[in-house]
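*Asks:* Sharing a structure with you now.
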Amino acid sequence: FAVEEAADGETGLAALLAAPRPFLAVLLDVSLPDRSGPDLIPQIRALAPDTPVVLSSGRSAEDLLGRVSDT
71 FAVEEAADGE TGLAALLAAP RPFLAVLLDV SLPDRSGPDL IPQIRALAPD
121 TPVVLSSGRS AEDLLGRVSD T
């Protein structure tokens with residue numbers, strides 16, 4: 071697989087938009103420098119509705135409670 075890395079949400083969305091073909095998947099961190107990962111999901115869905123999004127975090131489950139809604 072070829073991997074496209076983005077340091078923040080804005081860069082990730084730009085890469086998704088500029089990609090010559092659809093991404094096979096998006097691996098998305100819960101905490102990004104410019105916004106939360108879950109807040110990006112609707113924008114990703116608008117650009118690539120069929121692309122699976124995997125949300126991940128290095129935080130503990132207890133720390134994440136209340137941060138991530140059903141997106």
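For the sequence shown, our numbering gives the first residue as 71, with consecutive numbering after it.
Built from N, CA and C at the ideal position, the CB exists for glycine as well.
Just so you know, these numbers come straight off a predicted model, no measurement behind them.
Between the C-alpha atoms of residue 58 and residue 119, what's the straight-line distance to the nearest angstrom?
*Replies:* It is not possible to answer for residue 58, since the shown part of the chain is limited to 71 through 141.
*Asks:* If you draw a straight line from the alpha carbon of residue 127 to that of residue 108, how long is it in whole angstroms?
*Replies:* Translated into the one-based positions of the sequence shown, residue 127 becomes position 57. Translated into the one-based positions of the sequence shown, residue 108 becomes position 38. Taking the straight line joining both Cα atoms gives about 11 Å.
*Asks:* Anyone know if the C-beta pair for residue 73 and residue 98 falls short of 9 Å?
*Replies:* For the purposes of this step, residue 73 is identified with residue 3 of the sequence shown, where counting begins at 1. For the purposes of this step, residue 98 is identified with residue 28 of the sequence shown, where counting begins at 1. Against a cut-off of 9 Å, the Cβ pair of residue 98 and residue 73 comes out as no contact.
*Asks:* Residues in the same chain with beta-carbon distance under 8 Å from residue 117, minus the five sequence neighbours each way, listed in chain order, please.
*Replies:* Locating residue 117 in the sequence shown gives position 47, counting from the first residue. Closer than 8 Å at Cβ, skipping near neighbours: 83, 86, 87.
*Asks:* Tell me whether residue 109 counts as near the ligand PLP, meaning its Cβ is closer than 8 Å to at least one heavy atom of that ligand.
*Replies:* Within the structure as shown, the ligand PLP is missing, as the structure has no ligands at all.
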